[in-house]
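Each number in our numbering corresponds to the 1-based position in the sequence shown with 12 added.
All C-beta atoms in this analysis are idealised placements derived from N, C-alpha and C, irrespective of residue type, glycine included.
Fair warning: this is a prediction, and the values are worked out from it, not measured in the lab.
Single-structure report; data block below.
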Amino acid sequence: MAQKNTNEGRITGAASIVGAATVVSRLLGYLRDASIAYVFGASFYADAFFMAFRIANLLRRLVGEGALTSSFIPIFTDELNKRGRVAVAGLVSSIFTLFAIILIALTGLGMIFSRELVWLLSPGFASDPLKFNLTIDLTRMMFPYMFFVGLMAIAMGVLNSVRHFASPAISPVFFNIAIIFSIFVVAPLLNTPVYALAIGVLAGGFLQFAIQVPFLKKYGFSPRLSIAMKDPAIKRILLLMGPAAFGVGVYQLNIFVTLWFSSQLAEGSVSYLYYSGRLMELPLGVFSVAVTTAALPSLSEHVAKKDWAGFRESFSFAMRIVNFVTIPATVGLFVLSYPIIDVLFKRGEFGYEDTMGTALALYYYAIGLVPVAASRILMSVFYSTKDTATPVWVAFVSFVFNVVFCFLLIGPLKHAGLALATSIAGLINAILLFMLLRKRFNDIGARFMFTSALKSSVASIVMGAIIYSIIYVSGFERLSVVSKSVVIAICMASGAISYLVMARVLKCPEIAFLKAILKRGA
Numbered sequence: 013m014a015q016k017n018t019n020e021g022r023i024t025g026a027a028s029i030v031g032a033a034t035v036v037s038r039l040l041g042y043l044r045d046a047s048i049a050y051v052f053g054a055s056f057y058a059d060a061f062f063m064a065f066r067i068a069n070l071l072r073r074l075v076g077e078g079a080l081t082s083s084f085i086p087i088f089t090d091e092l093n094k095r096g097r098v099a100v101a102g103l104v105s106s107i108f109t110l111f112a113i114i115l116i117a118l119t120g121l122g123m124i125f126s127r128e129l130v131w132l133l134s135p136g137f138a139s140d141p142l143k144f145n146l147t148i149d150l151t152r153m154m155f156p157y158m159f160f161v162g163l164m165a166i167a168m169g170v171l172n173s174v175r176h177f178a179s180p181a182i183s184p185v186f187f188n189i190a191i192i193f194s195i196f197v198v199a200p201l202l203n204t205p206v207y208a209l210a211i212g213v214l215a216g217g218f219l220q221f222a223i224q225v226p227f228l229k230k231y232g233f234s235p236r237l238s239i240a241m242k243d244p245a246i247k248r249i250l251l252l253m254g255p256a257a258f259g260v261g262v263y264q265l266n267i268f269v270t271l272w273f274s275s276q277l278a279e280g281s282v283s284y285l286y287y288s289g290r291l292m293e294l295p296l297g298v299f300s301v302a303v304t305t306a307a308l309p310s311l312s313e314h315v316a317k318k319d320w321a322g323f324r325e326s327f328s329f330a331m332r333i334v335n336f337v338t339i340p341a342t343v344g345l346f347v348l349s350y351p352i353i354d355v356l357f358k359r360g361e362f363g364y365e366d367t368m369g370t371a372l373a374l375y376y377y378a379i380g381l382v383p384v385a386a387s388r389i390l391m392s393v394f395y396s397t398k399d400t401a402t403p404v405w406v407a408f409v410s411f412v413f414n415v416v417f418c419f420l421l422i423g424p425l426k427h428a429g430l431a432l433a434t435s436i437a438g439l440i441n442a443i444l445l446f447m448l449l450r451k452r453f454n455d456i457g458a459r460f461m462f463t464s465a466l467k468s469s470v471a472s473i474v475m476g477a478i479i480y481s482i483i484y485v486s487g488f489e490r491l492s493v494v495s496k497s498v499v500i501a502i503c504m505a506s507g508a509i510s511y512l513v514m515a516r517v518l519k520c521p522e523i524a525f526l527k528a529i530l531k532r533g534a
């Protein structure tokens, strides 16, 4: 029991820090996206920027935070336990040096071949030379962002391994501030204001890494130029990173497919998918990513110590907490998709048609919220055991399904079909990972997790009915913006209260987690 409380307490504490920082970041992220929507709407310029930004992010996620973090943390945690903090400082410097060289090379190649990348990922844009060339320019400008955020990924891996979560979690705040500043201060000074967004991305990427440096120094891991690459741990990281990079690459292929199809749809489709995707990332970022970030070092430490009881308990706890939060979030997004988009974005250049298009995409994206959140935890379990190959093959299977469903659904549902295809692929990915994990470890607390999810689902249905009744009775569409905001606030408060009451009636043990979060935040 003491071991169980320790495991849950460590994950709860870390998730509280990451979740709180992420809330602040997501709020500023909303202000950033609302600012972009207000100034650029879902226009030609917005489509070009979002496409270019996704291309820059594509390679950053492939080399940076995806493959690197998943392969780095388990190895680094193992070495930290064996050698101690002082002895592994040289390893950290060698990793920074090696990946700085790799990132510089990839950044240069990306800038040189920006035209080819834009043509490959968004062939539909080629029919409009002005839009196509603008996307190329923005892509080329934003590629150095990959360098800074790649280094940020290493810093995050190091700091998370020593259980420092605050500064990596808060870093996106500076990214959002940089873009907002660029929109309202830099953009008016430019002949083509959308270039200010690219400037903001670069400044934000630099700031995200820069604020990690003092904390790296505090823990004795200041990055220094080092070419001592003979450390066997580096070879192990690179060997693990190969399959991990391939696995992340397969996952990114899903984004590639969405970009490829959406570039051939009507103007605004790329923007609809971006704005709706960002809103879906709110519960993912605040809870799923927070719990995953907190759980991976704990899972890796259990593996290093061969503490399999603690390993299973940490995994079960992480899965139950994520489901406890994302199931009601899914229902809430179903019911409130249009009202939320209406209040958050419907102003300036963002009109009724844009609101409807974004709300429809959000509705179908929401279907994938629970499986995507669960997949993050499941992949962390495989990564903690230094198995990066299994998630690769599972991701490839889900990618194939994504392509098939994109072809089937884009005709009748347009951009919403792409969102639905992504959700279906996420569901297939989660099911396969769970089945393989259960086969490997046999007893992973599946029955306990299923019971917990069933109780959360019942409580969420009651919550959804209450929220829908409030929206229906209020006559939402006829209200002013202020009144609509009040109605949504009432819906959220009523929904949260009704869900927690039902969860208590159904005796959901996860309520204790929320109490711990509130105590730590107090």
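Could you spell out the range, first to last residue, of the alpha helix (DSSP H) harbouring alanine 505? Within the sequence shown, residue 505 is the residue found at index 493, counting from 1. Here the alpha helix (DSSP H) through alanine 505 covers 493-517.
Grab me the residues of threonine 270's own chain with a C-beta within less than 6 Å of its C-beta, minus the 5 sequence neighbours each way, in chain order. Taking the sequence shown and counting its residues from 1, the one referred to as residue 270 is at position 258. Hits under 6 Å: Leu430.
Can the beta-carbon of proline 184 be found less than 8 Å from the beta-carbon of asparagine 172? Indexing the sequence shown from 1 puts residue 184 at position 172. Indexing the sequence shown from 1 puts residue 172 at position 160. No, they are not a contact pair.
If you run the structure through DSSP and keep just helix, strand and coil, what is phenylalanine 268? Counting from one through the sequence shown, the residue named residue 268 turns up at place 256. Reduced to three states, the DSSP call for phenylalanine 268 is helix.
Looking at the structure shown, is lysine 398 part of a helix, part of a strand, or coil, going by DSSP? Counted from its first residue, the sequence shown places residue 398 at position 386. In this structure, lysine 398 counts as coil in the three-state DSSP scheme.
Would you call the CB atoms of methionine 475 and glycine 507 closer than 8 Å? Locating residue 475 in the sequence shown gives position 463, where the first residue counts as 1. Locating residue 507 in the sequence shown gives position 495, where the first residue counts as 1. Yes, they are a contact pair.
Thinking C-alpha only, which one of Gly122, Ile211, Ala465 is nearest lysine 519? The count along the sequence shown starts at 1 and reaches residue 519 at position 507. The candidate whose alpha carbon is nearest that of lysine 519 is Ala465.
Three Cβ pairs or more, each shorter than 8 Å: is that satisfied between the stretch 219-232 and the stretch 94-102? yes
Leaving out five residues before and five after leucine 209 in sequence, what residues of the same chain have Cβ atoms less than 6 Å from its Cβ? By 1-based counting over the sequence shown, the position of residue 209 is 197. Only Phe61 meet the Cβ criterion.
Look at leucine 381 and methionine 504 and say whether their C-beta atoms are less than 8 Å apart. Counting from one through the sequence shown, the residue named residue 381 turns up at place 369. Counting from one through the sequence shown, the residue named residue 504 turns up at place 492. Using a Cβ distance threshold of 8 Å, leucine 381 and methionine 504 do not count as a contacting pair.
I need the DSSP call for alanine 524, collapsed to helix, strand or coil. Position 512 of the sequence shown, counted from the first residue, corresponds to residue 524. Here alanine 524 sits in helix by DSSP.
Rounded to a whole number of angstroms, what is the C-alpha to C-alpha distance between phenylalanine 408 and asparagine 266? For the purposes of this step, residue 408 is taken as the residue at position 396 of the sequence shown. For the purposes of this step, residue 266 is taken as the residue at position 254 of the sequence shown. Going by the C-alpha atoms only, they are around 10 Å apart.
Quick test of the definition: if touching needs 3 or more C-beta pairs under 8 Å, does the stretch 386-405 touch the stretch 343-352? Taking 8 Å as the limit for Cβ pairs, the verdict is that the stretch 343-352 does not touch the stretch 386-405.
With a CB to CB cut of under 8 Å and the five nearest residues on each side skipped, what residues in its chain are close to methionine 514? Walking along the sequence shown from the start, residue 514 turns up at place 502. Taken in chain order, the residues that qualify are Val470, Ala471, Val474, Met475.
How would you label asparagine 93, buried or exposed, when you count the other beta carbons within 10 angstroms and need 16 or more for buried? Reading the sequence shown from its first residue, position 81 is the one you call residue 93. Asparagine 93 comes out exposed.
Assuming serine 37 contacts asparagine 188 (C-beta within less than 8 Å), just tell me the rounded distance between them. Indexing the sequence shown from 1 puts residue 37 at position 25. Indexing the sequence shown from 1 puts residue 188 at position 176. Right, their Cβ atoms sit about 7 Å apart.
Just the C-alpha distance for glycine 280 and tyrosine 287, rounded to the nearest angstrom, thanks. Translated into positions along the sequence shown, residue 280 becomes position 268. Translated into positions along the sequence shown, residue 287 becomes position 275. Straight-line Cα distance between these residues: approximately 11 Å.
Phenylalanine 323 beta carbon less than 8 Å from that of valine 315: By one-based count along the sequence shown, residue 315 stands at place 303. By one-based count along the sequence shown, residue 323 stands at place 311. For valine 315 and phenylalanine 323, yes; Cβs fall inside 8 Å.
So, is methionine 164 buried or exposed, given that buried needs 16 or more other C-beta atoms within 10 angstroms? In the sequence shown, counting from the first residue as 1, residue 164 sits at position 152. With 16 or more Cβ atoms within 10 Å of its Cβ, methionine 164 is classed as buried.
How is glutamine 220 classed by DSSP in three states: helix, strand or coil? In the sequence shown, counting from the first residue as 1, residue 220 sits at position 208. If DSSP states are grouped into helix, strand and coil, glutamine 220 belongs with the helices.
How would you call proline 244, buried or exposed, if buried means at least 16 neighbouring beta carbons within 10 angstroms? Residue mapping note: residue 244 aligns to position 232 of the sequence shown, counting from 1. Classification of proline 244: exposed, given that the 10 Å Cβ count is below 16.
Classify leucine 444 as buried or exposed, calling it buried when 16 or more other Cβ atoms lie within 10 Å of its own Cβ. Residue mapping note: residue 444 aligns to position 432 of the sequence shown, counting from 1. Buried, by the Cβ-count rule.
Rounded to the nearest angstrom, how far is the Cβ of arginine 359 from that of tyrosine 57, given a contact under 8 Å? Counting from 1 along the sequence shown, the entry for residue 359 is found at position 347. Counting from 1 along the sequence shown, the entry for residue 57 is found at position 45. Rounded, the Cβ-Cβ distance is 17 Å, inconsistent with contact.
Taking a contact to mean a Cβ-Cβ separation below 8 Å, would you say valine 393 touches leucine 448 in this structure? By one-based count along the sequence shown, residue 393 stands at place 381. By one-based count along the sequence shown, residue 448 stands at place 436. No, they are not a contact pair.
Counting only the same chain and skipping the five closest in sequence on each side, list residues whose C-beta sits under 7 Å from that of alanine 101. Translated into positions along the sequence shown, residue 101 becomes position 89. If we look at alanine 101 and ignore the five residues flanking it on each side, its Cβ neighbours are Gly232, Phe233.
With valine 213 and tyrosine 157 assumed to form a contact (beta carbons below 8 Å), what rounded beta-carbon distance in angstroms separates them? If you number the sequence shown from 1, residue 213 lands on position 201. If you number the sequence shown from 1, residue 157 lands on position 145. In this structure valine 213 touches tyrosine 157 by the C-beta definition: roughly 5 Å separates them, less than 8 Å.
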